[in-house]
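So the structure is just underneath, and the comments pick up after that.
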Amino acid sequence: MSSIVEFEKLLYEIPKVINRIEDHEFMNKVSANKWSKQEILGHLCDSAVNNHSRFVRIILTDEPVSIDGYKQNEWIRIHDYQNNYSKSDLLALWIQLNKQILNVLRNASELDFNKQCILSDKRRVTLRWLFDDYLSHMLHHIKQIES
22 MSSIVEFEKL LYEIPKVINR IEDHEFMNKV SANKWSKQEI LGHLCDSAVN NHSRFVRIIL
82 TDEPVSIDGY KQNEWIRIHD YQNNYSKSDL LALWIQLNKQ ILNVLRNASE LDFNKQCILS
142 DKRRVTLRWL FDDYLSHMLH HIKQIES
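According to our numbering, the residues represented by the sequence shown are 22 to 168, in order.
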């Protein structure tokens, strides 16, 4: 599956991108209501945690699983990524969470990738679609970190 290959490549490339950013730039908040690059990476960790759980539930169940959203800003606030983590610790967390997802998806069958889930807006999508959406979401935020 090409998405898994792309995902694996990102797990290798994204740390290089993040490590090139100076710490002061990574921690900079342009305004109180905008996430810093550090908080965006924290958000990607939250996304990994939530999506790992979704992927596992879908694979382990034969019936369509309902997928709920989560309160992103509250997760950022509760974890306080801005003050509780160094860039290297947060990057290590992001890598490990995504390696866990990679291992789950490598062990998924074609049948698993075609299993359905129900989004909060009641649309039915497959695990394949949800994983591709996870990748798109990650790339969107990595572009924000790079800018």
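Just so you know, even glycine gets a beta-carbon here, dropped at the ideal spot from N, CA and C.
Owing to the predicted nature of the structure, the values given are computational and were not obtained by experimental measurement.
With a threshold of 16 other beta carbon atoms within 10 Å, residue 75 meets it and is buried. Per the DSSP secondary-structure output, residue 68 pairs with nothing in a beta bridge. Cβ atoms of residue 129 and residue 80 come within 8 Å of each other, at about 6 Å.
The segment 85 to 103 makes contact with the segment 132 to 149, as at least three CB pairs between them are under 8 Å.
The beta carbon of residue 167 lies closer than 7 Å to those of 38 in the same chain, with the five residues before and after it left out.
Judged by their CB atoms, residue 66 and residue 114 are nearer to each other than the 9 Å cut-off. Linking residue 27 to residue 71 through their CA atoms gives a straight-line distance of about 20 Å.
Note on the segment 94 to 163: whole beta strand (DSSP E) runs with a minimum of 3 residues are 137 to 139 and 145 to 147, in chain order. Taking C-beta separations shorter than 8 Å and ignoring five residues to either side along the sequence, the partners of residue 153 in its chain run 24, following chain order.
Burial is judged here by how many other beta carbons sit within 10 angstroms of a residue's own beta carbon; residue 161 has fewer than 16 and is exposed. Annotation: residue 56 to residue 30 spans about 26 Å, alpha carbon to alpha carbon.
A residue is called buried when at least 16 other Cβ atoms come within 10 angstroms of its Cβ; residue 164 does not meet this threshold and is exposed. It is roughly 38 Å from the alpha-carbon of residue 108 to the alpha-carbon of residue 132. Across the structure, residue 145 and residue 83 are spaced so that their CA atoms are roughly 14 Å apart.
With a cutoff of 9 Å on beta-carbon distance, residue 93 and residue 48 are scored as not near each other.
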